[in-house]
Amino acid sequence: MSLLPGAEPYHRGGGGVGVLLCHGFTGTPQAMRPWGEYLAGAGLTVDVPRLPGHGTTWQDMATTTSDDWLGVVEEALVKLHAECTRVFVMGMSMGGCLALRLAELHPDKVSGVVVVNPSLALEDWKLFVAPYIKRLIPTTPGIASDIKKPGAVEIGYDDIPTAAAATLPKLWRATRRGMSRLTAPVLVYRSHEDHVVGPKSLRILTSEAVNAQLTVHALENSYHVATLDNDAETIFEGSLAFVREHGGSGEGMDR
Numbered sequence: 001m002s003l004l005p006g007a008e009p010y011h012r013g014g015g016g017v018g019v020l021l022c023h024g025f026t027g028t029p030q031a032m033r034p035w036g037e038y039l040a041g042a043g044l045t046v047d048v049p050r051l052p053g054h055g056t057t058w059q060d061m062a063t064t065t066s067d068d069w070l071g072v073v074e075e076a077l078v079k080l081h082a083e084c085t086r087v088f089v090m091g092m093s094m095g096g097c098l099a100l101r102l103a104e105l106h107p108d109k110v111s112g113v114v115v116v117n118p119s120l121a122l123e124d125w126k127l128f129v130a131p132y133i134k135r136l137i138p139t140t141p142g143i144a145s146d147i148k149k150p151g152a153v154e155i156g157y158d159d160i161p162t163a164a165a166a167t168l169p170k171l172w173r174a175t176r177r178g179m180s181r182l183t184a185p186v187l188v189y190r191s192h193e194d195h196v197v198g199p200k201s202l203r204i205l206t207s208e209a210v211n212a213q214l215t216v217h218a219l220e221n222s223y224h225v226a227t228l229d230n231d232a233e234t235i236f237e238g239s240l241a242f243v244r245e246h247g248g249s250g251e252g253m254d255r
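Everything in the sequence shown is counted per full-length UniProt numbering, starting at 1 for the first residue and increasing by one.
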């Protein structure tokens with residue numbers, strides 16, 4: 001199946017420190033690419049996989065589940081860990097949830113986590129009924145391009161496949177159950193104004209990740225897709241500083 005222009009995965013080889021970037025629900029690697037290119041420019045090895053069913057059609061996505069999305073990033077983590085001495089996992093929205101879940105499942109492979117507006121909880125009433133209405137109502141309106149910056153656009157679907165959305169709570173529940181096993185340092189960026197993910201997710205993370213070294217930074221000039229918004233540079237620079245702080249000797253970094 002053909003990809004939407006710009007939705008291609010991104011990989012750039014670099015030094016011994018690797019970064020796995022996870023995009024969000026109905027999004028594509030395009031939302032993470034500027035971040036990935038910035039980190040690659042600093043000499044890091046960067047991988048931005050495309051999640052199954054994303055970047056094609058909503059009908060294609062309707063046949064996939066959160067298990068499929070987790071499986072792809074888990075496979076990417078194992079591969080990147082085999083290539084690099086240290087690996088950091090980063091993600092936005094649902095991709096932030098995937099990043100946290102990888103750190104819970106593979107603490108030996110993840111040196112740190114950076115998440116932007118992570119999605120960890122059911123905050124949309126439509127998801128309560130999604131398992132029951134997916135055959136009657138195959139789609140709901142899309143969530144792409146919640147961006148404050150004029151002219152910035154996120155590649156994503158105009159329609160959300162209800163069947164795929166109905167599998168999100170399983171991922172959220174598993175991630176919440178594993179929070180106490182999260183021991184890697186975690187850097188969180190949270191937009192003050194976000195029209196996709198509400199405040200509940202951050203409250204869960206700060207209250208339940210009791211064994212993690214957690215740092216939260218507010219983004220005052222961006223909406224949900226902050227990696228393409230006005231505060232993108234803050235995220236990029238801060239995540240690189242985070243890698244330098246927790247990446248050992250700094251080998252594999254140019255800046």
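For glycine and all other residues, C-beta sits at the position ideal for the given N, C-alpha and C.
Any idea which residues DSSP pairs R33 with across the strands?
DSSP, once it has assigned bridges, lists no residue as partnering R33.
If you measure between the beta carbons of I160 and T139, is that distance less than 8 Å?
With respect to the 8 Å criterion, I160 and T139 are classified as neighbours on the basis of their beta carbons.
Flag this pair as touching only if the segment 214-226 and the segment 190-199 have three or more C-beta atom pairs under 8 Å; answer yes or no.
They touch, by the three-pair rule.
Close Cβ partners of L20 (< 6 Å) along its chain, the five nearest in sequence each way excluded
Closer than 6 Å at Cβ, skipping near neighbours: D47, A76, L77, L80 and V89.
Spatial neighbours of residue 262 within its chain, please: C-beta separation below 7 Å, excluding the five flanking residues on both sides.
Past the boundaries of the shown model lies residue 262; the chain is included only from 1 to 255, so the question cannot be answered.
At what residue ranges does the segment 9-65 contain a whole run of the alpha helix (DSSP H), taking only runs of 4 or more?
If we require 4 residues or more, the alpha helix (DSSP H) runs fully inside the segment 9-65 come out as 33-41 and 58-61.
Taking Cβ positions only, does S111 come closer than 8 Å to chain D?
The structure shown contains no chain D, having only a single protein chain.
Can the beta-carbon of L228 be found less than 8 Å from the beta-carbon of P34?
It is a contact, given that the beta carbons lie within the stated cut-off.
At 4 residues or longer, what runs of the alpha helix (DSSP H) sit wholly inside the segment 68-126?
Correct list: 94-105.
Environment of S239 [buried if 16+ CB atoms lie within 10 Å]:
Counting the other CB atoms within 10 Å of its CB gives S239 a total of 16 or more, which places it among the buried residues.
Provide the residue span of the beta strand (DSSP E) that contains L168, from first to last.
First-last for L168: L168 to R177, but that is the alpha helix (DSSP H), not the beta strand (DSSP E).
G71: which of G55, R50, Q59 and L187 sits nearest, CA to CA?
For G71, the nearest C-alpha among the options comes from R50.
G18 burial status per 10 Å Cβ neighbour count (16 or more: buried):
When all chains shown are included, G18 counts as buried.
Just how far apart, CA to CA, sit A152 and D146?
For the pair A152 and D146, the Cα-to-Cα distance works out to about 9 Å.
Among the residues of its own chain, which have a CB less than 7 Å from the CB of V116, if the five just before and after it don't count?
Excluding sequence neighbours, V116 sits near M92, G96, Y189, A226, T227 and I235.
Output needed for P185: all residues of its chain with C-beta closer than 6 Å, excluding positions within five of it in sequence on either side, in chain order.
Within the same chain, P185 has close Cβ partners G112, Q213 and H246.
Taking its Cβ as the centre, do 16 or more other Cβ atoms sit within 10 Å of H217, making it buried, or is it exposed?
Taking all protein chains in view, the Cβ of H217 is surrounded by fewer than 16 other Cβ atoms within 10 Å, so the residue is classified as exposed.
Starting from I160, trace the beta strand (DSSP E) both ways and give me its first and last residue.
D159 to P161 is the span of the beta strand (DSSP E), which, as asked, contains I160.
By DSSP, does L3 sit in helix, in strand, or in coil?
Correct three-state label for L3: coil.
Cβ of H195 versus every heavy atom of the ligand GDP: is any distance shorter than 7 Å?
In the structure shown, the ligand GDP is absent, as is every other ligand, since no ligand is present at all.
V188 lies in the beta strand (DSSP E); which residues open and close that run?
V186 to S191 is the span of the beta strand (DSSP E), which, as asked, contains V188.
Coarse secondary structure for A212, derived from DSSP in three states:
DSSP places A212 in coil when its eight states are reduced to three.
Tell me, please, which residues DSSP counts as bridged to L219.
Bridge partners of L219: S191.
Taking only three categories from DSSP, how would you classify T206?
Three-state DSSP puts T206 in a helix.
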